[in-house]
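Residue 509 in this note's numbering sits at position 113 of the sequence shown, and the numbers go up by one each step.
Just so you know, even glycine gets a beta-carbon here, dropped at the ideal spot from N, CA and C.
As the structure is a computational prediction, the values presented were derived from the model and not from experiment.
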Amino acid sequence: MVKILLVTLFLTFSITCIADCKRWEYGSLLTTVTSNGKKPEDEKFDSVTVWRSPAGLTVWSNNKLLSSDSTDKSLKDYFSVKSLDPINILNSLGNLGWESYGFEIPKFSGNEKSQNWQLKRCKLGAL
């Protein structure tokens with residue numbers, strides 16, 4: 397019974413905080429995966445991940461940092477994830493208070509697939 401009460405209080409507080417947020421900050425996560433194999437059994441994938449937030453723009457290719465305004469970490473270290481799967485990255489962002497409010501799959505050509513998420517979180521001190 398105590399656990400149910402605590403969960404109810406937590407959810408009520410969380411919903412109230414989100415509804416009471418006065419200022420939001422925004423970010424976007426773009427992932428692009430390219431297949432570079434000629435035959436299915438030889439197929440290999442290259443990925444590019446772009447994270448844009450108030451801290452700046454960061455770009456990784458296959459977990460390696462290409463450019464950043466705010467970090468020198470690999471993709472896995474930056475988001476504290478074990479794989480490059482976008483769902484793991486989104487879960488990590490969710491743990492940091494980010495929530496997705498938009499999603500887009502841009503048109504892609506043959507061997508390339510992209511996914512783009514728009515995210516927001518309550519700016520600290522803005523409740």
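{"Query": "Identified DSSP bridge partners for W494", "Result": "Per DSSP, none; premise fails for W494."}
{"Query": "Cβ-Cβ separation, L453 to D465 (assumed contact under 8 Å), whole Å", "Result": "6 Å"}
{"Query": "Residue environment, F475, which counts as buried when at least 16 other CB atoms sit within 10 Å", "Result": "buried"}
{"Query": "C-beta atoms of L426 and N512 nearer than 8 Å", "Result": "yes"}
{"Query": "Cβ neighbours of N484 in the same chain (closer than 6 Å, five flanking residues each side left out)", "Result": "V477"}
{"Query": "Nearest-angstrom Cα separation, counted from S488 out to L471", "Result": "12 Å"}
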